[in-house]
Amino acid sequence: MFDKLTSKGFDISSNYHASSLLAEEFSVAHDEIEAVLDKFSIDAGELVAGGGGEASFTQRLRHALADAGWSKQNLLIEKRLIQYEGTLGNDNYNKKGERTIQSLSHEIDHVKSFESGTILLEIEWNNKDPFFDRDLENFKRLHADGAASLGVIITRGKSLQDRMSDIIEDYGLKHELDSAESLQAHGLAPTPRQLSMYAGLARRFEGNYTKAWAKAFVSDKYGSATTHWEKLADRLSRGVGNPCPLIAIGLPAGIIVP
97 MFDKLTSKGF
107 DISSNYHASS
117 LLAEEFSVAH
127 DEIEAVLDKF
137 SIDAGELVAG
147 GGGEASFTQR
157 LRHALADAGW
167 SKQNLLIEKR
177 LIQYEGTLGN
187 DNYNKKGERT
197 IQSLSHEIDH
207 VKSFESGTIL
217 LEIEWNNKDP
227 FFDRDLENFK
237 RLHADGAASL
247 GVIITRGKSL
257 QDRMSDIIED
267 YGLKHELDSA
277 ESLQAHGLAP
287 TPRQLSMYAG
297 LARRFEGNYT
307 KAWAKAFVSD
317 KYGSATTHWE
327 KLADRLSRGV
337 GNPCPLIAIG
347 LPAGIIVP
């Protein structure tokens with residue numbers, strides 16, 4: 097499963113026979129997802145300039161999936177009560193009334209239906225990690241209601257999360273981001289609190305302002321409480337979202353273009 101992606105360092109995990117289900121019943125979906133991610137890259141500058149789930153590269157990935165037919169959809173599940181009077185099979189058996197007794201809507205960023213069923217896909221690049229709980233719970237409910245065959249979540253991979261500070265520091269060195277003035281001249285707008293943090297850390301790093309900025313920037317923007325591989329893997333190990341079959345994909349450090 098996803099051999100091309102695995103060879104490039106992508107994290108790949110699955111549960112509840114999702115890998116065999118994808119290979120045997122949804123091979124077209126497998127190939128489409130792999131083709132999109134195989135071509136995907138992020139410029140290091142986008143990591144600095146981007147913003148949360150709506151960063152430019154996140155939108156680029158969404159557009160690539162949408163172009164392959166993975167559209168944003170709102171899935172509405174309704175439970176209806178239909179009342180009849182009379183005896184079934186007799187002439188006096190008539191419909192008396194009908195009403196909706198439960199209605200639940202789920203907005204999913206990428207959905208595509210195939211002959212074998214429907215696949216749900218979410219991208220969690222840099223949200224607060226409880227978004228994983230929301231996604232997994234949505235997948236679970238929609239799977240239980242027969243509206244989904246399996247789910248896919250794409251997030252930051254382990255290698256990317258582990259190397260984020262180094263990637264940002266390398267970018268800072270390349271662009272000589274070694275002072276508050278250079279950050280502002282580069283189009284960044286750190287707050288007074290952040291500038292104070294950078295200055296304090298720089299003293300700890302023997303005056304290395306670039307390293308201080310990179311460490312603080314990553315802690316602020318891509319910290320441990322955001323969506324990344326280890327947070328998703330932890331939930332899967334605890335059974336969150338079971339028994340919906342799930343494919344988890346982690347974007348590796350190798351997709352970053354310095």
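Just so you know, we're using the working numbering here: the sequence shown kicks off at 97 and counts up by one.
Where a beta carbon is used, it is the ideal one built from N, C-alpha and C, also for glycine.
Keep in mind it's a predicted model, so treat the numbers as computed, not measured.
The alpha-carbon of G185 is positioned some 15 Å away from that of K192. As a beta-bridge residue in DSSP terms, R176 pairs with T196. Straight across, the Cα-Cα distance linking H271 with E130 is about 33 Å. Taking the C-beta atoms as reference points, E128 is found no nearer than 8 Å to A162.
Annotation for L328: F228, I249, T251, A344 place their beta carbon closer than 7 Å to its own, counting only its chain and skipping 5 residues before and after.
A straight-line Cα-Cα distance of about 16 Å links A151 and G283. Closest in alpha carbon position to V314, among L273, D330, R299, D258, is D258. About 5 Å separates the beta carbon of L256 from that of A349, a gap short enough to meet the 8 Å contact definition. Beta-bridge analysis with DSSP links R252 to H324, L347. Look at D205 here: in three-state DSSP terms it is strand. Residue state for G268 is assigned as helix, using DSSP reduced to three classes.
Here the alpha carbons of H113 and G105 stand approximately 22 Å from one another.
Taking C-alpha positions only, G242 is separated from G268 by approximately 49 Å. Secondary structure at D139: strand, using DSSP grouped into helix, strand and coil. With respect to the 8 Å criterion, L332 and L347 are not classified as neighbours on the basis of their beta carbons. If you check the CB distance, A312 and K224 do not come in under 8 Å.
In the DSSP secondary-structure assignment, N186 is not bridged to any residue.
By the Cβ neighbour-count rule, A298 is buried, with 16 or more other Cβ atoms within 10 Å of its own. In this model, S278 and I351 are separated by some 27 Å (Cα to Cα).
The shortest CA-to-CA distance from L177 to any of Q169, F153, N170, T196 is the one to T196. Taking the CA atoms as reference points, T102 sits about 12 Å from G253. The Cβ neighbour count for V353, taken over all protein chains shown within 10 Å, is under 16; the residue is labelled exposed. Per DSSP, the unbroken alpha helix (DSSP H) holding N234 starts and ends at 226–240.
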